[in-house]
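Here is the structure we will look at.
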Amino acid sequence: MDAGAPEGDPRDLPAPVSFSTGDSFTMLDELGAPDLIVKTTPFTVPAHGNDQWWWPKVPTGLTTDRWVRAMEVLPSFPEGRRVTHHFLATAVQSHNLGGLLTEWAVGKVGERYQEGTGKLLQAGGEIEFELHYFPSGTEVPNDQVSLGIWLYPEGYVPEHETVLRMFNIAPQNTLEIPPYSTPMFTNEYVMRTPVRIQSFQAHMHLRGKGMSMEAIYPDGKKELLSIVDNWQFNWHNNYIYADDAAPLLPAGTVLKFNAWFDNTENNPVNPHPGNFVTWGDRAADEMAHAWVGVTTLTQEDYDRLVAERRARPSAGDN
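First residue of the sequence shown? That's 28 in our numbering, and the numbers climb one at a time after it.
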């Protein structure tokens with residue numbers, strides 16, 4: 028204290044943190060190069076005008092059925108990152124459990140599936156994309172977005188298949204945010220079978236402030252599973268649970284979602300506090316839903332996974 032906190036030996040400093048520049052897949056260091064990259068067909072985003080949508084359908088090129096263990100969306104760099112608002116991908120094939128193959132919004136990294144869990148891509152299938160672009164003042168010619176796909180070894184079949192479900196908290200006809208208001212919206216969904224939760228990702232726009240996901244168990248017990256309490260539109264983080272922490276929910280569990288907004292001058296990114304805001308695709312409109320990775324379990328699988336987790340030593344064990 029008296030010395031004034033002098034600098035130590037610079038040779039003892041850790042190496043500077045290396046951040047991704049945005050021109051490559053973030054999961055490269057962890058998983059290596061993707062086994063498959065599917066690119067959207069080119070689309071020219073004009074410099075000015077209304078929001079643009081593009082719905083290309085692209086073959087995967089797979090000649091055998093393969094199971095997916097991770098996926099990541101990569102907008103073009105640097106121009107594409109300035110104009111790509113969101114991205115949805117759906118597998119066009121005979122096998123489809125529902126839900127999306129994957130989705131992307133500003134700031135999202137990707138999706139990794141828990142051990143023994145994946146998604147099936149069938150041979151000869153296609154991927155249908157929905158891209159939402161918004162002009163940024165500079166034309167972006169022939170833009171393409173890349174979907175990187177990491178596959179399990181050929182012939183491997185995981186024990187479980189997961190789906191990406193959208194849970195609406197305030198559907199289109201109920202999302203109304205009056206001027207200078209701070210409303211909260213709530214919705215609940217009953218899990219009819221046992222499930223394991225893979226991931227949680229909030230989705231709102233500029234007036235969003237926070238979102239939570241809570242489990243209400245059949246015995247009445249409540250547990251907060253995830254919360255984003257400082258929402259930033261530029262960071263649509265996908266929070267992936269560790270394998271030994273992924274929520275295991277018995278049949279009859281209620282998933283309760285809350286989403287809250289700030290349509291006042293206290294919100295520094297609010298474009299117009301005096302506007303009456305409703306649901307819409309534009310960033311100036313609003314949305315309120317959660318993307319949740321859900322794996323359906325049999326009762327036998329659920330009982331086994333719960334028993335295995337209870338048998339593991341906890342942090343407090345000697």
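Positions of the beta carbon are idealized from the N, C-alpha and C atoms, including for glycine.
Computed from a predicted model, the values in this text were never measured in an experiment.
In its chain, beyond the 5 residues on either side, N290, T291, E292, P300 and G301 have a beta carbon closer than 8 Å to the beta carbon of Y207. Here R192 is buried, its C-beta having at least 16 other C-beta atoms within 10 Å. In the DSSP assignment, G237 forms a beta bridge with W287. Residue range R93 to L101 is occupied by the beta strand (DSSP E) that includes R96. In this structure, S253 and S239 form a Cβ contact; the two beta carbons are roughly 7 Å apart against a cut-off of 8 Å. Judged by pairs of C-beta atoms under 8 Å, the region 245 to 259 does not touch the region 174 to 181, as fewer than three such pairs exist. By the Cβ test, the region 161 to 170 is not in contact with the region 124 to 140, since fewer than three Cβ pairs between them sit closer than 8 Å. Separation of L275 and K236 (C-alpha to C-alpha, rounded to the nearest whole angstrom) is 28 Å. Secondary structure note for Q225: it is in no alpha helix (DSSP H), and the uninterrupted beta strand (DSSP E) holding it is V222 to H230. The Cβ atoms of H316 and K135 do not sit closer than 8 Å to each other. When Cβ pairs closer than 8 Å are counted between the two stretches, the region 34 to 45 is seen not to touch the region 91 to 102, the count staying below three. Looking at the DSSP output, Q79 sits in a beta bridge with Y160. Distance from the Cα of D270 is smallest, within the candidate group I224, R234, K283 and F303, for I224. Following the DSSP letters along the chain, one finds A116 inside the beta strand (DSSP E) bounded by residues T111 to V119.
Between T323 and Q228, the alpha-carbon positions lie close to 19 Å from each other.
Taking a cut-off of 8 Å for Cβ pairs, the region 188 to 202 and the region 156 to 166 do not touch, as fewer than three such pairs fall below it. With respect to V85, I154 sits close: the two C-beta atoms are nearer than 8 Å. Annotation for Y329: the continuous alpha helix (DSSP H) segment containing it runs Q326 to A338.
Taking 8 Å as the cut-off, the beta carbon of P83 is found closer than this to the beta carbon of T67. G152 and S103 have their C-alpha atoms spaced approximately 24 Å apart. In the displayed model, D50 falls within coil according to three-state DSSP, outside both helix and strand.
Listed in chain order, the non-local C-beta contacts of Y183 below 7 Å within the same chain comprise W94, local neighbours out to five positions each way being set aside. The three-state secondary structure of E142, taken from DSSP, is coil. Residues of the same chain with a CB within less than 7 Å of the CB of L127, apart from the 5 flanking positions on each side, are L115, A116, T117 and L191 in chain order.
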